[in-house]
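According to this note's numbering, numbering within the sequence shown proceeds without interruption in unit steps and concludes at 407. The C-beta atom is built at its ideal place from N, Cα and C for all residues, glycine as well. Note that this is a predicted model, so its numbers are computed, not measured.
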Amino acid sequence: MGATRTYTNPVYPGSFPDPFVLRHGKRYYAFGTTGQSRTADGRIFTLLTSDNLIDWKPQGGALLPPSEAEGADFWAPEVVEHNGTFYMYYSKGGGAIASSVGHRLYVATSQKPEGPYQQVALLDVPESKFTIDAHAFRDTDGQWYLFYARDFTDTDNGYRPGTGLAVDRLVGMTKLAGESRTVMRARHDWTVFEKNRTMPLYDNRTFAEWHTLEGPFVRRHNGKYYCFYSGANFLTDRYGVDYCVADTVMGPYQDTGSDKGARVLHSIPGKVRGPGHHSHTMSPDGKTEYLVYHAWDEGMKERQLCIDKLLWTSQGPRCQGPTYTPQPAPR
Numbered sequence: 077m078g079a080t081r082t083y084t085n086p087v088y089p090g091s092f093p094d095p096f097v098l099r100h101g102k103r104y105y106a107f108g109t110t111g112q113s114r115t116a117d118g119r120i121f122t123l124l125t126s127d128n129l130i131d132w133k134p135q136g137g138a139l140l141p142p143s144e145a146e147g148a149d150f151w152a153p154e155v156v157e158h159n160g161t162f163y164m165y166y167s168k169g170g171g172a173i174a175s176s177v178g179h180r181l182y183v184a185t186s187q188k189p190e191g192p193y194q195q196v197a198l199l200d201v202p203e204s205k206f207t208i209d210a211h212a213f214r215d216t217d218g219q220w221y222l223f224y225a226r227d228f229t230d231t232d233n234g235y236r237p238g239t240g241l242a243v244d245r246l247v248g249m250t251k252l253a254g255e256s257r258t259v260m261r262a263r264h265d266w267t268v269f270e271k272n273r274t275m276p277l278y279d280n281r282t283f284a285e286w287h288t289l290e291g292p293f294v295r296r297h298n299g300k301y302y303c304f305y306s307g308a309n310f311l312t313d314r315y316g317v318d319y320c321v322a323d324t325v326m327g328p329y330q331d332t333g334s335d336k337g338a339r340v341l342h343s344i345p346g347k348v349r350g351p352g353h354h355s356h357t358m359s360p361d362g363k364t365e366y367l368v369y370h371a372w373d374e375g376m377k378e379r380q381l382c383i384d385k386l387l388w389t390s391q392g393p394r395c396q397g398p399t400y401t402p403q404p405a406p407r
């Protein structure tokens, strides 16, 4: 028999922040943030395809630029299939052209997983000026929900100001029910994004500490709902993946973390910096769960696509990574 095939992170060397992987049929489709940039075909969101999670081929862009897209930032695409239609959720914001305009959530549709996708609706969250990282989750009864990250500026109940997590029910895949509930807000020291941060979006108010929880991704495991998220400043060694748990999809979610840092996935000093903003997928044989995440290249010029196994341990979910040496390829 030949030698077992291996992979070494990153599995795709180009820029690929906030990776989301959709498995449809026997093929994997990966979608990545492009910010204010466009792919070579003039579209938004980098698209890659693979048959094995480690050999990725560029396929151009996924989203047709909607109206009023000039100079705007487009972040964190995620795609799900429902009744033969593919729905892409993402955020769009003012970016460099208007610092007073925050991000809002949008949905686009396509009849094919690779697109092209066309924007069809705004998913408004009236109580939030900054809403990002939409994640659609289908419960066991078939009902879809949308998890997302949004800003909170108060300190009620001992929470810290910053970006936190919320959930709402989806109506027809393109509208929120308006029944949002808070999933989790910042309590721990390690999730601080920046101290003494002045926020133009909030009348140039300066916050002694601004925290960040973002990139929600939900998994139902052994009857409980695990909302994974990334916390802290994505440029730092503190950035990583943690989780909270609930008995029902709308919560309440229990924060089981601590001030010690991210438990699922975290930096390795001198080797891997800022791993996070992940998605989950299964190996080609359907037996092994993988985290798909980004991490910085050595020069911190771009975030690159990485994968590692996720284990469900007696202490909770833990990633077998981040790895930077050869690993057995997904089976």
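Through-space distance from residue j to residue i, alpha-carbon basis
i: THR80; j: LEU123; result: 28 Å
i: TYR235; j: SER306; result: 17 Å
i: ASN159; j: THR282; result: 47 Å
i: PHE96; j: ASP313; result: 22 Å
i: ARG394; j: VAL340; result: 4 Å
i: SER334; j: GLN380; result: 28 Å
i: GLY397; j: THR84; result: 12 Å
i: PRO237; j: ALA284; result: 9 Å
i: ILE173; j: ASP149; result: Residue placement at ILE173 is poorly supported in this model, since its pLDDT is 43, which falls under 50; the coordinates still yield a value, given next. Spanning the two alpha carbons is a distance of roughly 9 Å.
i: ALA405; j: TRP372; result: 22 Å
i: GLY291; j: TYR224; result: 7 Å
i: MET77; j: GLN187; result: Caution applies to MET77, whose pLDDT of 49 falls short of 50 and renders its modelled position unreliable; the value that the coordinates give is listed next. Taking the straight line from one Cα to the other gives about 42 Å.
i: SER91; j: ASN128; result: 20 Å
i: THR250; j: SER343; result: 36 Å
i: GLY111; j: ALA145; result: 11 Å
i: TYR278; j: TRP286; result: 12 Å
i: VAL317; j: GLN219; result: 26 Å
DSSP bridge partner residues for residue i (one or two, in chain order)
i: PRO404; result: THR82
i: ILE120; result: LEU139
i: GLN151; result: Correcting the residue type first, residue 151 is Trp in the shown sequence and not Gln. Answer by DSSP bridge pairing, in chain order: SER167.
i: HIS211; result: PHE223
i: ASP318; result: TYR305
i: ASP331; result: CYS320
i: THR216; result: Beta-bridge pairing links THR216 to no other residue.
i: VAL368; result: SER355 and ILE383
i: PHE162; result: GLU157 and SER186
Minimum C-alpha distance to residue i - residue among the options
i: GLY169; options: ASP209, ALA405, THR161 and TYR301; result: ASP209
i: ALA253; options: PRO202, MET358 and GLU270; result: PRO202
i: VAL294; options: GLY118, PHE121, VAL259 and PRO93; result: VAL259
i: PHE411; options: GLN219, THR239 and THR82; result: With the chain running from 77 to 407 in the structure shown, residue 411 is simply not present.
i: LEU139; options: TRP151, LYS133, ILE130 and TRP132; result: TRP151
i: ASP331; options: GLY337, TYR319 and THR324; result: TYR319
i: PRO402; options: TRP388, GLN391, SER390 and ILE383; result: ILE383
i: ASP230; options: ASP217, SER204, VAL243 and TYR221; result: SER204
Check: residue i C-beta below 6 Å from any heavy atom of the ligand ATP
i: TYR400; result: Absence of the ligand ATP is noted for the structure shown, with no ligands found whatsoever.
Residue i at chain B interface by Cβ criterion, 7 Å
i: GLU190; result: Any reference to chain B falls outside this structure, which holds one protein chain only.
Runs of alpha helix (DSSP H) wholly within the region 228 to 253 (minimum 4 residues, chain order):
none
Does the region 260 to 267 touch the region 197 to 213, meaning 3 or more C-beta pairs lie closer than 8 Å?
no
Output the residue ranges of the beta strand (DSSP E) runs that lie fully inside the region 265 to 295 and measure 3 residues or longer, sorted by chain position.
268 to 275
Any chance the region 346 to 361 sits against the region 266 to 281, with 3 or more Cβ pairs inside 8 Å?
no
Would you say the region 113 to 133 touches the region 190 to 200, given that touching needs at least three Cβ pairs under 8 Å?
yes
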